[in-house]
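To start, the structure under review is shown below, and the notes come after it.
Protein chains: 2
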Amino acid sequence: MNPIAVTHEPLAATATSAPLCFERGQRIHEAGAMGFPWRVSRGVVRFDTAAVDGELSFAGLAMEGDLVGTEVLMFGHFAHRATALTPCQLEPWPGRLDQDRAGLLQALARAEQRAADIVALRSGQAMARVCRLIELLLPRSATAPQRTDLPPLRDMAEITALTGETVSRMLSGLRRIGALEPERERRGNGSKTCRVSRELLVAA
Amino acid sequence: MNPIAVTHEPLAATATSAPLCFERGQRIHEAGAMGFPWRVSRGVVRFDTAAVDGELSFAGLAMEGDLVGTEVLMFGHFAHRATALTPCQLEPWPGRLDQDRAGLLQALARAEQRAADIVALRSGQAMARVCRLIELLLPRSATAPQRTDLPPLRDMAEITALTGETVSRMLSGLRRIGALEPERERRGNGSKTCRVSRELLVAA
DNA sequence: CGAGCGATTGAACCAGGTCAAACGGGGTGG
DNA sequence: CCACCCCGTTTGACCTGGTTCAATCGCTCG
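As given, the protein sequences belong to chains A and B, one line each in that order. Heads up: the first sequence is residues 1 to 204, going by this note's numbering. Heads up: the second sequence is residues 1001 to 1204, going by this note's numbering.
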């Protein structure tokens, strides 16, 4: 559908220097597949890992500036499945193959920060978790309009360790107090753009 | 008490090449303090970070082989408070200051693994979480006796996102079925060494 | 001995899970 | 064009696992 978006195989093989775009829900790479590391230049990426029982389960997020799949430089294949949680854009990393110590250090610090974020996303009351998640999904630039394509309920539920029903109830609550407003003009895919009021969000 | 253990200040300043030992509960470094990165050679370290409200809250774990405080190489100070969750031993990292790309890559992969572990520690039923935590605290070597100094209830509660009361009930349950057995001969500090049956643990 | 603190246990409560029904919108086939 | 289906979402009613509050215990240290 999106002419820019392509499937994993060719892009992983070419490691072109052009950034690549993915739509909400699109697979970026499969666990165990081979490829190269990426850097998220826009959007949010979801990781899933194979649990002991073989089931894939939520394992983490990567956001603007984070690296994706650095483990291929060690193990030769991706440890997690990566999916676009919001429309997002990735660029090959490192741009040049010289040893990028500073980049790695930064990635390490970011990874730890991200881990702390995720712990926070799964702690506390249901409403607070959902609000934190929405906040995380808002575009980083403060000037940008506060609107976002919310991921499917199922994703939000797995990320916050709640059930879909509970997330739905929380979203309803947010709509009721005006913190969240559905926008007309839905695109062909199931995405539902919402206008978000940051103030009401943190208040809720 | 332990003659090997020393407080944070001197060791952070010296960055000696000798490994350092900490007892259960001992502070390793404070958030915001200056110092050098470490590598955990034995035991488990707990991180706490200042939340938005200024409160310190659980943010992660570092286990055997993980790096601690690499962010000082970027920011000049520690991002988290680090505390010894079990008796543990740290060594300065890197041993030599040449660019250790492989080490950094490994650290990155480990950090992601750790993040996934922690997500797992805070998901699912209370009993399962407590069991997973205990398993994580067991010494890594398969040959070693399956015993461990359990951290204070308060720590276990914060790590698993449960209450102290619930953790206590779960531990009582594990003792009842013989998966956990308190050992006599308690040391001076509050530590309670326990014998653990891995089989019964995973069964519970 | 008594103070203090963590751990344990009990009882009541409630936030969120579970189950089930209904809704809505997009796609498909007639 | 409409009928139908599919699937994600919404909403309600009920249930329960874990929290909360509180009382007690046990150990350590003054």
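Glycine included, each C-beta is placed from N, C-alpha and C at the ideal position.
DSSP three-state assignment for residue i, whether helix, strand or coil
| i | result |
| --- | --- |
| B:R1122 | coil |
| B:S1168 | helix |
| B:F1075 | helix |
| A:T83 | strand |
| B:T1160 | helix |
| A:R198 | helix |
| A:A109 | helix |
| B:I1177 | coil |
| B:A1062 | strand |
| B:D1155 | helix |
| A:E135 | helix |
| A:V68 | strand |
| A:D48 | strand |
| B:D1053 | coil |
| B:R1114 | helix |
| B:R1024 | coil |
| A:R147 | strand |
| B:R1140 | coil |
Nearest-angstrom Cα separation, counted from residue j out to residue i
| i | j | result |
| --- | --- | --- |
| B:F1075 | A:R101 | 14 Å |
| B:P1003 | B:F1022 | Per-residue confidence for B:P1003 stands at a pLDDT of 36, beneath the threshold of 50, marking its modelled position as unreliable; the derived number appears in the next sentence. One C-alpha to the other measures close to 10 Å. |
| A:R198 | A:Q146 | 8 Å |
| B:I1134 | A:L150 | 37 Å |
| A:I177 | A:V167 | 16 Å |
| A:L200 | A:L180 | 9 Å |
| A:V130 | B:V1040 | 35 Å |
| B:T1148 | B:R1024 | 11 Å |
| B:T1163 | A:G124 | 12 Å |
| B:D1155 | B:S1057 | 11 Å |
| A:P92 | A:A111 | 18 Å |
| B:V1044 | A:E64 | 31 Å |
| B:E1121 | A:E158 | For clarity, residue 1121 of chain B is Leu in the given sequence; the question names Glu instead. When rounded, the distance between both Cα atoms is 15 Å. |
| A:A18 | A:A51 | 34 Å |
| B:K1192 | A:L90 | 50 Å |
| B:V1072 | A:Q113 | 14 Å |
Any C-beta of chain B under 9 Å from that of residue i
| i | result |
| --- | --- |
| A:E199 | no |
| A:H80 | yes |
| A:E181 | no |
| A:L133 | no |
| A:T70 | yes |
| A:A203 | no |
Amino acids of chain A, ordered along the chain, whose beta-carbon sits closer than 7 Å to that of residue i
| i | result |
| --- | --- |
| B:Q1106 | M74 |
Residue i at chain A interface by Cβ criterion, 9 Å
| i | result |
| --- | --- |
| B:A1120 | yes |
| B:A1051 | yes |
| B:F1036 | no |
| B:F1022 | no |
| B:L1153 | no |
| B:L1067 | yes |
Partner residues on chain B for residue i, Cβ-Cβ distance less than 7 Å
| i | result |
| --- | --- |
| A:A59 | A1116 and V1119 |
Under 9 Å by beta carbon: chain A residues contacting residue i
| i | result |
| --- | --- |
| B:S972 | Past the edges of chain B, shown from 1001 to 1204, lies residue 972 of chain B, and the structure says nothing about it. |
Within chain A, partners of residue i - CB distance below 8 Å
| i | result |
| --- | --- |
| B:A1111 | L108, A111, E112 and A115 |
beta-carbon residue i near the ligand NAD non-hydrogen atom, thresh 8 Å
| i | result |
| --- | --- |
| B:T1160 | In terms of ligand content, the structure shown is empty, and the ligand NAD therefore cannot be addressed. |
Inter-stretch contact (C-beta, 8 Å, three-pair minimum) for the region 105 to 114 of chain A and the region 130 to 145 of chain A: no
Segment contact, 8 Å Cβ cut-off, at least three pairs: the region 32 to 51 of chain A with the region 68 to 87 of chain A: yes
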